[in-house]
Structures are given as structure tokens and as C-alpha cells.
Amino acid sequence: MVNLQAIQAHNAALKSLAPGLVAVFVGGTSGISLSTALAFARHTLSPKIYLIGRNQSAADTAIASMKSINSSAQPTFLQTDISLLKNVDSVCAEIAAKEKKLNLLFMTPGYMTLKGRDETAEGLDRKFVLHYYARMRFIVNLLPLLTVAAQDPSVKANARLSRVVSVLDPHVSVRAGGSGKLNFSDLSLKHTFSLKNCGAHASLMGDFFLEGMAQRHPHTSFVHAYPSGVATGLMREMPAGGVLAAVLTPLLSAFMVPIDESGERHLFAATSERFPPKAEGEGMERGCRGWPAIVRRGVVVTG
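Numbered according to this note's numbering, the sequence shown spans residues 1385 to 1687.
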């Protein structure tokens, strides 16, 4: 992995950026998204932070933590179920009504399940929505604000931040031994759903979508990040998820990244100049030791 001291030094220097950075954390009341939001609050000046999720009590705790970390932080919780795309549209409209720019869109929604296809009222599988459709809808809806941040004349060009980070797995089909192919006759997996197919489609379609966005919006950086093993509440929706977590977490802890460290590392991915937009170059290795990053068609792929 990247030397943690180097990451901490980079993050500590974020206070040199202009105050008032605006960030949206989707899935922001738990796990990697929350730990990254807390790191963002810790290392920036007067940040405006939007946490999007379902759990009001978890959000209240998160907001209290942010205010204790940084009294100048302005956290806001927007409660909604983003497994419905109409709710994604509504919450994006609410953000757009309040903000003129967006510096960071950070997304981690998802969960582990042993269920088969679980259709929402909109006819899409819930897990697939969280891993792909909702994330891409957030990007499309909020790109106008990201574009403003990318072109902000009040900020020096080398200090501008306009970035999208989707934390999932850009290589999941390869890791699972798949062929890396899409079923073009059933992209939504209406008829051929399986957890393996869902993982492969979400990964590949996410890659392709981000590449398309990078071509159209070359001054915004797009990152598809693989988080490695992190101790989160990902198993909470599985049968006996609490029992599984209690049993497996101690056994796997030696091989997992602590959640606070993961937040620092993902803040690095969300802000470092090592992960540039397409306008600053393509086909170059711009990562650092332990965290390879390759710019491919304008998208930074890590992991």
C-alpha cells in the first residue's frame, strides 16, 4: 500500500486549498464513505458536506463527529432511499438548488446479499441499482456543478478540485474468474440475473460509463477505486449478518485495512494530483508505490 505517512502529509496540506470545498458522500452515514467524509472534514477549511443515506440516527452521530473535528464544517444529511432513481433525481435537485459548484462526488452505496434478483418498484434489481444505476445517475445530475468547480476562475488552475470517485471494483469480473464480457441482450439482467453477473455488469458498465464521461468532461477527474479489505457494515443485510460479522471480523482483522486508515487513503484518492483529469494526460501511470493508478481513457483505475 501507499506509505501512510505520505498520505497523511498530503491530506494535512489540503488546508492550503481554498475554503468552502463542497462534497457529496453517497452512502455517507457508514463505512468507507463516512470515514472519508470525516477525513475530509478534518483536513479542509469550512467544508460543506452532504451525507446521503437512510439512517437518521447514524447521520446525527456522523454530523456531531464532524462538528467536533472541525467547528467550521457545514454537514447536512439528506435522507432518501437511492435504490429508487426518482429519489436520486430529487436529492440531486435539492443539492443543485443550494449549491453553485461541487468539488467532490464520492460514492460507495451497496451491500452483500445471498438473495436472487430483488426488483424495486422501477423494475431494476436493488443491488444492481446501488452498484451502478444510482451512481451513474448522480454523476449525470451533478456534472453541471462539477464543471463549475473545474473551471472556477477564483481558484488557481493547479488548485482546482473537480472529481468523481466510485468505490467498487474495476476488475471484479477478472477477480471472479469471469470473461469480462457483457450480456448485451440483457444489460439490466432482467432474465439472466445472478450475483456473479451483477458484479461483472456493475464493474464493466461502471468502467465504460466513467470513460464516456471523462471523454465528454475532460476537466473533471473520474476514479474507479478498489478498496481492498476494509472492516465495514457490508454484511448487515445478509441472513445472520451480525453473527457473521462478529465471527469473521476478528479472524480477518489482520488482513483488513482499519476503517480510519481507509478514510485517509480514500481522501488521498479523492484529492491527490496523482489522479488527474483527462485534460492533463492519458495513458500515463500516475500512481505511487503501492497504489497503482493508470489513466485509461481519462478514468483513473486503482487496485
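Backbone N, C-alpha and C define an ideal beta-carbon position, used for all residues, glycine too.
Quick check on this structure: which residue in V1641, A1586 and S1546 has the alpha carbon closest to the alpha carbon of L1405? Here residue 1405 refers to the residue found at position 21 when the sequence shown is read from its first residue. Of the candidates V1641, A1586 and S1546, the one whose C-alpha sits nearest the C-alpha of L1405 is S1546.
Please determine, among V1641, P1642 and V1607, the residue with the shortest C-alpha to C-alpha distance to F1659. Here residue 1659 refers to the residue found at position 275 of the sequence shown. Comparing Cα positions, the closest option is V1607.
Among T1576, E1645, G1412 and T1531, nearest to T1464 - alpha-carbon criterion: Residue mapping note: residue 1464 aligns to position 80 of the sequence shown, counting from 1. The candidate whose alpha carbon is nearest that of T1464 is G1412.
Let me know if G1689 comes out buried or exposed under the rule of 16 or more other beta-carbons within 10 Å of its beta-carbon. Residue 1689 cannot be examined here, being either before or after the span of the chain that is shown, 1385 to 1687.
Within 10 angstroms of the Cβ of V1524, are there 16 or more other Cβ atoms? Answer buried if so, exposed if not. Walking along the sequence shown from the start, residue 1524 turns up at place 140. Exposed, by the Cβ-count rule.
H1608, DSSP secondary structure in three states: Translated into positions along the sequence shown, residue 1608 becomes position 224. Note: H1608 maps to strand in three-state DSSP.
Identify, in the order they occur along the chain, each residue of the same chain with its Cβ nearer than 6 Å to the Cβ of D1570, setting aside the five sequence neighbours on each side. In the sequence shown, residue 1570 corresponds to position 186, counting from 1. Cβ within range, chain order: T1576.
Rounded to a whole number of angstroms, what is the C-alpha to C-alpha distance between R1519 and S1578? Indexing the sequence shown from 1 puts residue 1519 at position 135. Indexing the sequence shown from 1 puts residue 1578 at position 194. When rounded, the distance between both Cα atoms is 20 Å.
Candidates F1409, R1438, G1437 and K1662: which alpha carbon is nearest A1425's? To locate residue 1425, count along the sequence shown from 1; it is residue 41. Closest option to A1425, Cα to Cα, is F1409.
Rounding to the nearest angstrom, what Cα-Cα distance links M1597 and K1662 in this structure? As a working note, residue 1597 is residue 213 in the sequence shown. As a working note, residue 1662 is residue 278 in the sequence shown. If you take the alpha carbons of M1597 and K1662, they lie about 10 Å apart.
Taking the DSSP output, what are the residues bridged to I1436? Taking the first residue of the sequence shown as 1, we reach residue 1436 at position 52. DSSP output for I1436 lists V1410 and L1462 as bridge partner(s).
Cut-off 7 Å between Cβ atoms - residues of its own chain near V1532, not counting five sequence neighbours on either side: Within the sequence shown, numbered from 1, the residue matching residue 1532 stands at position 148. So the qualifying residues of the chain are K1484 and K1485.
Helix, strand or coil, according to DSSP, for D1591 in the structure here? One-based indexing of the sequence shown puts residue 1591 at position 207. D1591: helix per DSSP, three-state reduction.
Quick test of your reading: L1435 and S1456, contact by CB under 8 Å. State the CB separation rounded to the nearest angstrom. Your numbering for residue 1435 matches position 51 in the sequence shown. Your numbering for residue 1456 matches position 72 in the sequence shown. Contact flag wrong, Cβ pair sits at about 17 Å.
Residue nearest to V1551 in terms of C-alpha spacing, selected from S1449, H1650 and V1475: Here residue 1551 corresponds to residue number 167 of the sequence shown, with the count starting at 1. Answer by Cα proximity: H1650.
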